[in-house]
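Some notes on the structure that comes next.
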Amino acid sequence: MKKNILFGVLLAVPTLINAQKTQDKPISFGVKGGYNLSSMKFFDEKLDSKSYFYAGIVAEQALSPKFGLQAEVLYTQLGGKVAYSTVALIGSEIVETGDTTFEYRLNQIQVPISVKYYIIPNLSASAGMNFGFNISTKAESSNAITGTDKRNYDGIKTLSLFPFLGAEYKINDQFFVDTRYNFNFIEINKNNSIPVKVGFLQAGVGYRFK
1 MKKNILFGVL LAVPTLINAQ KTQDKPISFG VKGGYNLSSM KFFDEKLDSK
51 SYFYAGIVAE QALSPKFGLQ AEVLYTQLGG KVAYSTVALI GSEIVETGDT
101 TFEYRLNQIQ VPISVKYYII PNLSASAGMN FGFNISTKAE SSNAITGTDK
151 RNYDGIKTLS LFPFLGAEYK INDQFFVDTR YNFNFIEINK NNSIPVKVGF
201 LQAGVGYRFK
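Those letters in the sequence shown? Residues 1 to 210, per UniProt numbering, in order.
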């Protein structure tokens, strides 16, 4: 898995590395971080949303006064949770055990690649693909009577794909704010027996180095 993640990161940035050689259109680097809100679905059932933070690095290559190419490497977490009323067999009796909560967590290294269009010098819209490499996938169930059970969730692909649309506003030459929505168009499960999809909103701030 580590080799797959490294390979994906290397694929994400070759254009930007080569762009350093272009003197009239220099590459810019920065850092960013913010809030992540994900919405997970099993079949057509929507789980409760899960919020988390994201943080990472960003690089942008100007292609023209109106267009730019941007690549990022981010760490974040996706997932969802749901609760069901459950029962247990205790001795010879079936006893209600209250609600059992199931929570799913996907820890990811994400590599979003996007094309940016500058509507005005400080405001841009973007479209691209987010390559999410799962470094761990966990499932946890908890119940007041039966306790908590944690395990690896092996039904998720190592690589998840999320098409996205976004926008960015430059406060000044260094600071910016941005937001994007990553769509749940592509299933992230390994087989079709249990269709799993996840979409998520990201909003945050960033700083570009001079």
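Note that the Cβ used here is the ideal one computed from N, Cα and C, for glycine as well. If you're wondering where the values come from, they're calculated on a predicted model, not measured in any experiment.
Phenylalanine 209 classed as buried or exposed, judged by whether at least 16 other C-beta atoms fall within 10 angstroms: The residue labelled residue 209 in the question sits at position 209 within the sequence shown. Looking at its Cβ environment, which holds fewer than 16 other Cβ atoms inside 10 Å, phenylalanine 209 is exposed.
Buried or exposed by the 16-neighbour rule on C-beta atoms within 10 Å, applied to isoleucine 188: Numbered from 1 along the sequence shown, position 188 holds the residue referred to as residue 188. Isoleucine 188 sits buried, since 16 or more C-beta atoms from the chains shown fall within 10 Å of its C-beta.
When the Cα atoms are used, what is the spatial distance from glutamine 61 to isoleucine 27? Within the sequence shown, residue 61 is the residue found at index 61, counting from 1. Within the sequence shown, residue 27 is the residue found at index 27, counting from 1. Whole-angstrom Cα-Cα distance: 5 Å.
Under a Cβ-count criterion, where at least 16 other Cβ atoms within 10 Å of its own Cβ denotes burial, should leucine 123 be classed as buried or exposed? Counting from one through the sequence shown, the residue named residue 123 turns up at place 123. By the 10 Å Cβ count, leucine 123 comes out exposed.
Backbone secondary structure at isoleucine 27 - three-state DSSP: Counted from its first residue, the sequence shown places residue 27 at position 27. Strand.
Would you mind sorting lysine 197 into buried or exposed? The rule is 16 or more other CB atoms within 10 Å of its CB. Counted from its first residue, the sequence shown places residue 197 at position 197. Label assigned to lysine 197: buried.
Sorted by chain position, which residues of the same chain lie with C-beta nearer than 8 Å to aspartate 173's C-beta, five sequence neighbours on each side aside? On the sequence shown, position 173 is the one that residue 173 refers to. Arg208 and Lys210, listed in sequence order.
Own chain partners of alanine 139 with C-beta closer than 6 Å, once the 5 adjacent residues on each side are dropped: Counting from one through the sequence shown, the residue named residue 139 turns up at place 139. The residues are Tyr104, Arg151 and Tyr153.
How about alanine 203 and leucine 165: do their beta carbons lie closer than 8 Å? Residue mapping note: residue 203 aligns to position 203 of the sequence shown, counting from 1. Residue mapping note: residue 165 aligns to position 165 of the sequence shown, counting from 1. Result no, Cβ atoms of alanine 203 and leucine 165 do not sit closer than 8 Å.
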